[in-house]
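A.B. asks: Residue numbers (the working numbering), protein chains in the order written: chain V, 1 to 386; chain W, 1 to 360. All C-beta atoms, glycine included, are put in the ideal place defined by N, C-alpha and C. Everything numeric in this text was worked out from a predicted model, so none of it was measured.
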Amino acid sequence: MAYIYLDHAASTPMRPEVRAAMQAVEEEAPGNPSSPHRAGREARARLDEARSRVGRTLGVEPGSVFFVRGGTESDNLAVLGWARARRRAGLTPHLFHSTIEHSAVAGAALEVAREGCRVQTFPVSPEGRVNLDQGEDAATDSPGGLISCIWVSHECGLILPIDQVVGWARPRGYRVHVDGVQGVGRLDHGSILPEVDLFSLSARKLGGPRGMGILVVRQGTEIHPGLFGGGQEGGLRPGTEDVAGAVGTAVALELAATSREAEEVRLGELLETLEDRLRLAIPDLVIHGAEGPRTPHILNLGIPGLPQDLLPGALDLAGVGVSAGSACRSGTTGPSPALSALYGPDHAAAVAPVRISLGWNTRAAQVEEAAQIIIRTVEEVRRAFG
Amino acid sequence: MGTNRILVAMSGGVDSSVTAALLKEAGHEVVGVTMKTFCYQETPSHGRTCCGLDGILDARRVADALGMPHYVFDVEEEFTRDVIDDFVTEYARGRTPNPCVRCNANTKFGDLLRRGRALGCDGIATGHYVRSDRTADGRARLLRGLDRDKDQSYFLWGLPSELLPLLHFPLGSLTKPQVRERARELELVTAEKPESQEICFVPTGDYRDLLRKRLEPRHPALEPGPIRHVDGQVVGEHTGYAGFTVGQRKGLGGGFAEPHFVISVEPETRTVVVGPREALEARRVRVDDLNWFHGPPEPGEEVAVQLRHRAPEVAARVVELSGGELEVELAVPQSAVTPGQSCAVFRGEELVGGGRIRRL
Numbered sequence: 001m002a003y004i005y006l007d008h009a010a011s012t013p014m015r016p017e018v019r020a021a022m023q024a025v026e027e028e029a030p031g032n033p034s035s036p037h038r039a040g041r042e043a044r045a046r047l048d049e050a051r052s053r054v055g056r057t058l059g060v061e062p063g064s065v066f067f068v069r070g071g072t073e074s075d076n077l078a079v080l081g082w083a084r085a086r087r088r089a090g091l092t093p094h095l096f097h098s099t100i101e102h103s104a105v106a107g108a109a110l111e112v113a114r115e116g117c118r119v120q121t122f123p124v125s126p127e128g129r130v131n132l133d134q135g136e137d138a139a140t141d142s143p144g145g146l147i148s149c150i151w152v153s154h155e156c157g158l159i160l161p162i163d164q165v166v167g168w169a170r171p172r173g174y175r176v177h178v179d180g181v182q183g184v185g186r187l188d189h190g191s192i193l194p195e196v197d198l199f200s201l202s203a204r205k206l207g208g209p210r211g212m213g214i215l216v217v218r219q220g221t222e223i224h225p226g227l228f229g230g231g232q233e234g235g236l237r238p239g240t241e242d243v244a245g246a247v248g249t250a251v252a253l254e255l256a257a258t259s260r261e262a263e264e265v266r267l268g269e270l271l272e273t274l275e276d277r278l279r280l281a282i283p284d285l286v287i288h289g290a291e292g293p294r295t296p297h298i299l300n301l302g303i304p305g306l307p308q309d310l311l312p313g314a315l316d317l318a319g320v321g322v323s324a325g326s327a328c329r330s331g332t333t334g335p336s337p338a339l340s341a342l343y344g345p346d347h348a349a350a351v352a353p354v355r356i357s358l359g360w361n362t363r364a365a366q367v368e369e370a371a372q373i374i375i376r377t378v379e380e381v382r383r384a385f386g
Numbered sequence: 001m002g003t004n005r006i007l008v009a010m011s012g013g014v015d016s017s018v019t020a021a022l023l024k025e026a027g028h029e030v031v032g033v034t035m036k037t038f039c040y041q042e043t044p045s046h047g048r049t050c051c052g053l054d055g056i057l058d059a060r061r062v063a064d065a066l067g068m069p070h071y072v073f074d075v076e077e078e079f080t081r082d083v084i085d086d087f088v089t090e091y092a093r094g095r096t097p098n099p100c101v102r103c104n105a106n107t108k109f110g111d112l113l114r115r116g117r118a119l120g121c122d123g124i125a126t127g128h129y130v131r132s133d134r135t136a137d138g139r140a141r142l143l144r145g146l147d148r149d150k151d152q153s154y155f156l157w158g159l160p161s162e163l164l165p166l167l168h169f170p171l172g173s174l175t176k177p178q179v180r181e182r183a184r185e186l187e188l189v190t191a192e193k194p195e196s197q198e199i200c201f202v203p204t205g206d207y208r209d210l211l212r213k214r215l216e217p218r219h220p221a222l223e224p225g226p227i228r229h230v231d232g233q234v235v236g237e238h239t240g241y242a243g244f245t246v247g248q249r250k251g252l253g254g255g256f257a258e259p260h261f262v263i264s265v266e267p268e269t270r271t272v273v274v275g276p277r278e279a280l281e282a283r284r285v286r287v288d289d290l291n292w293f294h295g296p297p298e299p300g301e302e303v304a305v306q307l308r309h310r311a312p313e314v315a316a317r318v319v320e321l322s323g324g325e326l327e328v329e330l331a332v333p334q335s336a337v338t339p340g341q342s343c344a345v346f347r348g349e350e351l352v353g354g355g356r357i358r359r360l
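So, in structure tokens, the structure goes:
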């Protein structure tokens with residue numbers, strides 16, 4: 001039996017079209033885009049084109065598209081860059097973010113707090129509602145903060161109401177940053193991008209190259225670079241540009257956007273089938289995120305009565321690759337902070353989370369087989385551990 | 001014995017790395033597991049991570065190189081309950097705990113094997129320098145490691161006896177230099193890694209910090225008290241009896257004609273009792289919290305006991321065995337028999353069990 005990979009929220013295999021486009025860049029345009037000679041011009045043309053294509057796909061000005069190194073760097077640059085720009089202007093900025101952010105935002109928030117920023121979090125309900133009341137005082141004291149909100153939870157697929165966040169931010173003069181890593185290519189981004197100031201995405205979660213990301217910075221948004229050097233990417237992210245990476249990102253994003261509507265239906269059906277099978281066989285199964293709107297590619301299970309981290313290993317040995325949550329958590333202990341924030345720490349500690357995530361090359365037969373393996377493995381693990 | 005899938009507890013050190021490699025070579029299906037036990041908070045200001053996370057990453061690298069799966073299991077809750085809490089309680093009671101014994105008895109073999117069974121493993125291996133075998137009648141035994149410098153049987157007396165048939169110790173008949181040599185031949189990234197000496201959850205070496213964090217404020221164990229000479233005279237004041245262990249010489253202040261040592265710690269009166277070297281000697285040892293693999297020794301039986309790690313074993317006679325306590329008489333009096341430390345009991349090479357030393 002072939003191994004079934006269902007961890008696309010951690011890394012989605014590269015699409016063949018992306019690989020072909022990147023290889024063409026390496027063969028045809030190996031120069032440095034900053035060089036004035038012909039090879040440099042060729043590389044620069046490819047880079048400019050990639051930027052335009054990304055801008056077109058996202059519906060933003062090409063000048064607001066910055067290529068960076070992955071989703072974490074994008075989130076970090078948005079949060080830290082904004083906070084540092086505000087501090088430069090002599091202000092004590094207020095950062096307001098949700099309790100279920102990815103560690104790329106939560107970690108950057110800790111850092112800006114250390115640097116003297118006022119940082120607050122707002123709660124999210126299991127239904128996907130946000131309560132922004134706690135930000136009121138800070139917004140009154142020092143208007144002009146930043147609200148940062150994840151669009152789609154990387155852990156349970158819950159979709160957050162970005163329109164509501166924007167609606168809160170505008171009258172208070174707040175900038176809005178959205179971590180769109182799990183949302184882009186899976187949901188329609190058309191209504192979100194025109195409304196926000198900073199938007200982060202990762203190429204790898206779209207079937208693009210590893211280590212590539214984008215930060216969209218709406219013109220006029222205060223932001224200070226994190227690196228200094230040759231002035232590339234408008235000075236915001238210096239360093240010789242990865243032209244093949246930028247082109248690969250543009251192609252992956254286009255493919256994800258054009259197939260999005262069909263994929264939303266296809267993946268949604270696969271996930272529903274999987275969920276039905278599992279619910280039937282595991283009566284006490286919890287589905288995290290089920291109370292609210294959910295992305296079609298992430299299913300987060302909670303299996304009561306088992307240790308936090310046992311099932312991904314057992315499933316791996318049985319031939320299915322899934323995760324316990326975010327893949328970036330090897331350095332921490334205890335239950336998932338996001339699930340703790342959504343459902344309370346007692347619940348998060350009492351269930352073993354399993355995140356299943358589908359992607360462009362997931363087939364129906366794989367999902368069917370995975371359902372059987374998951375059901376069997378949960379039974380075996382429970383028998384052995386019980 | 002054909003075992004089909006074995007869990008290897010990998011700390012990220014050279015011993016457990018070679019353990020995994022040897023089992024793999026022997027044709028077993030091997031699954032590497034590293035326990036997350038505590039802290040692991042990243043400390044970016046220092047540019048590196050503390051203690052355990054480096055171990056996890058090294059173990060993962062070795063497993064990758066050997067082509068075997070590797071998982072990390074979070075046993076923080078169990079480890080805190082069974083090892084750290086006990087460590088703190090023991091010091092608060094004026095005793096000197098053996099956290100490695102507790103970890104082996106509860107966490108490393110117990111909790112890990114429970115998880116291993118859920119992964120379809122029917123055996124567990126570690127890099128301890130001890131041997132396991134079966135007698136002709138099928139009884140599983142633990143024997144001292146062949147490398148007497150490294151022998152770690154002292155730490156294993158607390159294992160539940162039903163686990164014995166499931167244990168694999170491939171390093172038991174090797175010496176440490178041989179293990180390093182194998183690691184170099186296999187080009188394992190951990191080949192030159194130094195030995196870890198300190199207690200894993202006290203990376204700074206100062207366990208009193210941990211006690212301050214985990215005991216309630218103004219706990220008597222951390223409050224000043226008298227230093228009393230064995231002759232009854234109070235000779236000074238200490239800053240908390242939890243900082244003292246039997247046999248310790250440091251921190252007693254000077255003023256004695258001959259070297260003085262901690263003879264005992266009396267938590268009831270917060271007293272640290274000191275005296276000359278002769279006062280440290282004990283001929284009888286009382287032990288509780290007993291565990292026997294195949295039943296206790298007989299009263300009157302001649303056995304050998306080991307009273308601390310790396311100490312030579314001492315011939316002893318079982319004087320009394322009742323009410324969950326053992327008393328042995330040592331053939332030769334021993335210095336600094338320390339309450340809280342382990343008394344491992346041997347018949348020849350065989351570890352038959354043991355317990356915790358208590359105050360006479």
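For Arg15(V) and Cys121(W), what's the separation of their Cα atoms in angstroms?
C.D. replies: Here the question's residue 15(V) lines up with position 15 in the first sequence. Here the question's residue 121(W) lines up with position 121 in the second sequence. Those two C-alpha atoms are separated by around 37 Å.
A.B. asks: Would you say Gly331(V) lies against chain W (beta-carbon separation less than 8 Å)?
C.D. replies: The count along the first sequence starts at 1 and reaches residue 331(V) at position 331. Note that Gly331(V) scores a pLDDT of 48, beneath 50, so its modelled location is shaky and nothing firm can be said.
A.B. asks: When you compare only the Cα positions, how much space is there between Pro33(V) and Thr240(V)?
C.D. replies: Along the first sequence, one-based indexing puts residue 33(V) at 33. Along the first sequence, one-based indexing puts residue 240(V) at 240. Distance between the alpha carbons of Pro33(V) and Thr240(V): 8 Å.
A.B. asks: So, is Ala370(V) buried or exposed, given that buried needs 16 or more other C-beta atoms within 10 angstroms?
C.D. replies: Position 370 of the first sequence, counted from the start, is the residue given in the question as residue 370(V). Buried is the call here.
A.B. asks: Take Glu26(V) as the anchor and find which of Glu269(V), Ala348(V), Arg218(V), Glu42(V) has the nearest alpha-carbon.
C.D. replies: Taking the first residue of the first sequence as 1, we reach residue 26(V) at position 26. Ranking Glu269(V), Ala348(V), Arg218(V), Glu42(V) by Cα distance to Glu26(V) puts Glu42(V) first.
A.B. asks: Any beta carbon of chain V sitting closer than 8 Å to that of Ala118(W)?
C.D. replies: As a first step, residue 118(W) must be located in the second sequence, where it is residue number 118. Output row for Ala118(W): interface = yes.
A.B. asks: Looking only at its chain, what residues have a beta carbon closer than 8 Å to the beta carbon of Val31(W), apart from the 5 residues adjacent to it on each side?
C.D. replies: For this step, residue 31(W) is matched to residue 31 along the second sequence. Once the five neighbours on either side are set aside, the close Cβ partners of Val31(W) are Arg5, Ile6, Leu7, Val8, Met68, Pro69, His70, Tyr71, Gly116, Leu119, Cys121.
A.B. asks: Considering only the beta carbon of each residue, do Arg290(W) and Gln334(W) sit closer than 8 Å?
C.D. replies: Position 290 of the second sequence, counted from the start, is the residue given in the question as residue 290(W). Position 334 of the second sequence, counted from the start, is the residue given in the question as residue 334(W). In the sequence as displayed, the identity of residue 290(W) is Leu instead of Arg. Contact: no.
A.B. asks: Can a CB atom of chain V be found closer than 8 Å to the CB of Arg114(W)?
C.D. replies: To locate residue 114(W), count along the second sequence from 1; it is residue 114. Yes, because at least one Cβ of chain V sits closer than 8 Å to the Cβ of Arg114(W).
A.B. asks: Taking CB distances under 8 Å as the criterion, tell me whether Gln391(V) reaches chain W.
C.D. replies: Lying outside 1 to 386, the shown extent of chain V, residue 391(V) is not represented and no answer is given.
A.B. asks: Based on the DSSP output, what are the partners of Asp288(W) in its beta bridges?
C.D. replies: Locating residue 288(W) in the second sequence gives position 288, where the first residue counts as 1. Partner(s): Arg356(W).
A.B. asks: Nearest-angstrom Cα distance between Ala424(V) and Met212(V)?
C.D. replies: Residue coverage of chain V in this structure runs from 1 to 386, which leaves residue 424(V) outside it and unanswerable.
A.B. asks: Using a beta-carbon distance below 8 Å, is Pro203(W) in contact with chain V?
C.D. replies: For the purposes of this step, residue 203(W) is identified with residue 203 of the second sequence, where counting begins at 1. Answer no: the Cβ-Cβ gap between Pro203(W) and chain V never drops below 8 Å.
A.B. asks: Use the C-beta contact count for Ala256(V): other C-beta atoms within 10 angstroms, 16 or more gives buried, fewer gives exposed.
C.D. replies: Indexing the first sequence from 1 puts residue 256(V) at position 256. Counting Cβ neighbours within 10 Å, Ala256(V) comes out buried, since at least 16 surround it.
A.B. asks: Can you confirm whether Tyr3(V), when its beta carbon is compared against all beta carbons of chain W, has any partner nearer than 8 Å?
C.D. replies: In the first sequence, counting from the first residue as 1, residue 3(V) sits at position 3. Answer no: the Cβ-Cβ gap between Tyr3(V) and chain W never drops below 8 Å.
A.B. asks: Pull up the distance between the alpha-carbon of Arg114(W) and that of Arg382(V), whole angstroms please.
C.D. replies: As a working note, residue 114(W) is residue 114 in the second sequence. As a working note, residue 382(V) is residue 382 in the first sequence. Between Arg114(W) and Arg382(V), the C-alpha separation is close to 11 Å.
A.B. asks: Which residues does DSSP list as the beta-bridge partners of Phe346(W)?
C.D. replies: For the purposes of this step, residue 346(W) is identified with residue 346 of the second sequence, where counting begins at 1. Ala304(W), Leu351(W), per the DSSP bridge assignment.
A.B. asks: Among Leu310(V), Leu299(V), Pro13(V), which has the Cα closest to the Cα of Gly157(V)?
C.D. replies: Counted from its first residue, the first sequence places residue 157(V) at position 157. When each option's Cα is compared against that of Gly157(V), the closest is Leu299(V).
A.B. asks: Could you confirm whether any beta carbon from chain C is found closer than 8 Å to the beta carbon of Pro69(W)?
C.D. replies: Reference to chain C is not applicable here, since the protein chains of this structure are V and W.
A.B. asks: How big is the Cα-Cα spacing for Ala364(V) and Gly128(V)?
C.D. replies: For this step, residue 364(V) is matched to residue 364 along the first sequence. For this step, residue 128(V) is matched to residue 128 along the first sequence. Straight-line Cα distance between these residues: approximately 28 Å.
A.B. asks: Which term fits Thr269(W), buried or exposed, when burial requires 16 or more other beta carbons within 10 angstroms of its beta carbon?
C.D. replies: Taking the first residue of the second sequence as position 1, residue 269(W) is located at position 269. So Thr269(W) counts as exposed.
A.B. asks: Would you say Val189(W) reaches chain V, if we count a Cβ-Cβ gap shorter than 8 Å as a contact?
C.D. replies: Looking up residue 189(W) in the second sequence gives position 189. Val189(W) does not count as touching chain V.
A.B. asks: If we count Cβ pairs, one from each stretch, closer than 8 Å, do we get three or more for the region 55 to 75 of chain V versus the region 198 to 209 of chain V?
C.D. replies: As far as the Cβ criterion goes, the region 55 to 75 of chain V touches the region 198 to 209 of chain V, which means the pair count is three or higher.
A.B. asks: Within the same chain, show all residues whose beta-carbon is closer than 7 Å to that of Asp82(W), passing over the 5 residues directly before and after it, in chain order.
C.D. replies: What you label residue 82(W) is simply residue 82 of the second sequence in a count that begins at 1. Once the five neighbours on either side are set aside, the close Cβ partners of Asp82(W) are Arg102, Asn106, Thr107.
A.B. asks: Please tell me whether Glu17(V) has its Cβ less than 8 Å away from any Cβ of chain W.
C.D. replies: Along the first sequence, read from residue 1 onward, the residue named residue 17(V) stands at position 17. With 8 Å as the cut-off, Glu17(V) does not count as an interface residue toward chain W.
A.B. asks: Taking 8 Å as the threshold (C-beta atoms), are Ala315(W) and Ala331(W) in contact?
C.D. replies: Translated into the one-based positions of the second sequence, residue 331(W) becomes position 331. Translated into the one-based positions of the second sequence, residue 315(W) becomes position 315. Going by C-beta atoms, Ala331(W) is nearer than 8 Å to Ala315(W).
A.B. asks: Quick one: is Leu193(V) near chain W, going by C-beta distance under 8 Å?
C.D. replies: Your numbering for residue 193(V) matches position 193 in the first sequence. With 8 Å as the cut-off, Leu193(V) does not count as an interface residue toward chain W.
A.B. asks: Excluding the 5 residues flanking Gly59(V) on each side, which residues of the same chain have their C-beta closer than 7 Å to its C-beta?
C.D. replies: Indexing the first sequence from 1 puts residue 59(V) at position 59. Only Gly190, Leu193, Pro194 meet the Cβ criterion.
A.B. asks: Looking at the unbroken beta strand (DSSP E) that takes in Asp82(W), where does it start and where does it end?
C.D. replies: Along the second sequence, one-based indexing puts residue 82(W) at 82. Element bounds for Asp82(W): n/a, residue is neither H nor E.
A.B. asks: Exposed or buried, Gly47(W), counting other C-beta atoms within 10 Å across all chains shown (16 or more means buried)?
C.D. replies: By 1-based counting over the second sequence, the position of residue 47(W) is 47. A caution first: Gly47(W) carries a pLDDT of 35, below 50, which makes its placement in the model too unreliable to give a value.
A.B. asks: I want to verify the contact list: residues of chain V whose CB lies under 9 Å from the CB of Asp58(W), in sequence order.
C.D. replies: Stepping through the second sequence from its first residue, residue 58(W) is reached at position 58. Chain V residues near Asp58(W): none, gap ~12 Å exceeds 9 Å.
A.B. asks: Here's a check: name, in chain order, each residue in its chain whose Cβ is nearer than 6 Å to the Cβ of Thr12(V), leaving out the five neighbours to either side.
C.D. replies: Position 12 of the first sequence holds residue 12(V). Around Thr12(V): Lys205, Gly207, Gly359.
A.B. asks: Under a three-way DSSP split, which group does Tyr129(W) fall into?
C.D. replies: Taking the first residue of the second sequence as 1, we reach residue 129(W) at position 129. Coil.
A.B. asks: According to the Cβ coordinates, are Thr126(W) and Thr19(W) closer than 8 Å?
C.D. replies: Position 126 of the second sequence, counted from the first residue, corresponds to residue 126(W). Position 19 of the second sequence, counted from the first residue, corresponds to residue 19(W). Yes; because the gap between Cβ atoms is below 8 Å, this pair is in contact.
A.B. asks: Starting from Asp85(W), find everything on chain V with Cβ-Cβ shorter than 7 Å and list it in chain order.
C.D. replies: In the second sequence, counting from the first residue as 1, residue 85(W) sits at position 85. Chain V residues near Asp85(W): none, gap ~16 Å exceeds 7 Å.
A.B. asks: What did DSSP end up calling Leu321(W) once you bin it into helix, strand or coil?
C.D. replies: Position 321 of the second sequence, counted from the first residue, corresponds to residue 321(W). Reduced to three states, the DSSP call for Leu321(W) is strand.
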